[in-house]
Amino acid sequence: MTFRATALVDSHCHVQNLPEGDRERALDAARERGVEGFLLPAIRLADAEGILAFCHAHEGVWCALGVHPHEAASWQPGDEKRLASLLSDPKAVAVGECGLDFYYDHAPRPVQHEVMRAQWTLALELGLPVVVHNRDSNDAMVEEAVRPEHEGLEGVFHSFAGGAAMARQLLAKDYYLGFTGMVTFPKADNVREVLPLVPHDRLLVETDTPYLAPVPYRGKRNEPAYVVEVAERVAKELELSFEELTRRTTENFFRLFPKAAA
């Protein structure tokens, strides 16, 4: 599809987690505000076929397929082969979301590492980027990102809140950083202070629907239309026009996820 220069992309939104009867409305509401692209990350392999079917039914909707750290204990022998097959679908443009979560620790940490590494290795083999989840695991995640066996891996650290030091280390490895409605939260100075450090060609905006709704919707269920508020605040912090921020983040999306542009 051909994107307008002024069209936004929500680079991380779990539209599949909205009530079934509300998904179409959420996409339509977003399009009415100029949001024309949507990336839906999977949480578990069991959801992959349903997400793919949804993506095929909608123009401008793509997915990342993989296993979230919360679900790492569900990883079984043979899942790498199964995931590789699923990722051959043209609507599957990335591996993920995968990573580490030491806040909830729903899976043992060694298992989280093992499953993440398996997915990163597969991404390298397939030439696909990764969509990375990181919570309360900054040091461990940076160690993974700089491992020699992960050299050349591309991807985005979504909903970035890791602080300036982590941002510099990841940007030195050419990772992208995705920013959510947290940039609008009054006390989220640690998120906003990172923005000036990010090269404009490594920046993405997202909602993480249905979580992290931006001000003035904070506390409500998030949806892709609200990526406009995220983009507006990022543009303000970077002293860019909304139009320029939109152009740059949309270009970045298609550079990182070239299958979406095919």
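Sequential numbering of the sequence shown, starting at 17, is according to my numbering.
All C-beta atoms in this analysis are idealised placements derived from N, C-alpha and C, irrespective of residue type, glycine included.
All values reported here derive from a predicted model rather than from experimental measurement.
Looking at the backbone, the Cα of A88 and that of L43 are separated by about 30 Å. Around the beta carbon of H28, a 10 Å sphere encloses 16 or more other beta carbons of the protein chains shown; the residue is thus reported as buried. With fewer than 16 other beta carbons inside 10 angstroms of its own, Q92 counts as exposed. Taking C-beta separations shorter than 8 Å and ignoring five residues to either side along the sequence, the partners of Q185 in its chain run V158, A161 and V162, following chain order. Judged by DSSP in its simplified three-state form, W136 adopts helix. Annotated three-state conformation of R264 is helix, per DSSP. For the set K189, Y191, G179 and H166, the Cα lying nearest the Cα of V207 is the one of G179.
Between V146 and Q135 a beta carbon distance of about 7 Å is seen, short of the 8 Å cut, so the two are scored as contacting. Restricting attention to T223, G94, L219 and D63, the CA atom closest to the CA of F54 is found in T223. When the Cα atoms are used, K189 and P212 turn out to be separated by approximately 17 Å. Looking at V83, K107 and S101, the one whose alpha-carbon comes closest to that of A123 is V83. K107 is classed as buried because its beta carbon has at least 16 other beta carbons within 10 Å across all chains shown.
Listed in chain order, the alpha helix (DSSP H) elements of length 4 or more contained wholly in the stretch 168-206 are 179-188. Within the stretch 96-160, the beta strand (DSSP E) runs of at least 3 residues that lie entirely inside it are, in chain order, 108-117 and 146-151.
Just measuring C-alpha positions, the residue of S90, L220, V31 and P202 sitting nearest R234 is P202.
Bounds of the beta strand (DSSP E) holding F54 are V51 to P57. About 6 Å separates the Cβ atoms of N150 and F173, confirming a contact at the 8 Å cut-off. The count of Cβ pairs closer than 8 Å, one atom from the stretch 66-84 and one from the stretch 237-248, stays below three, leaving the stretches out of contact. Residue burial is scored here from C-beta neighbours: S175 has at least 16 other C-beta atoms within 10 angstroms and is therefore classed as buried. For E113, same chain residues with a beta-carbon under 8 Å away, outside a window of 5 residues either side, are H28, P57, A58, I59, A80, G82, H84, V147, V148, H149 and H174 in chain order.
For L81, the beta-bridge partners assigned by DSSP are V111. Looking at the backbone, the Cα of G94 and that of E130 are separated by about 14 Å. Rounded to the nearest angstrom, the Cβ distance from L24 to V51 is 5 Å, consistent with a contact under 8 Å.
Taking 8 Å as the cut-off, the beta carbon of L193 is found closer than this to the beta carbon of V214.
For D26, the uninterrupted beta strand (DSSP E) segment begins and ends at L24 to D26.
When secondary structure is reduced to three states using DSSP, V244 falls in the helix class.
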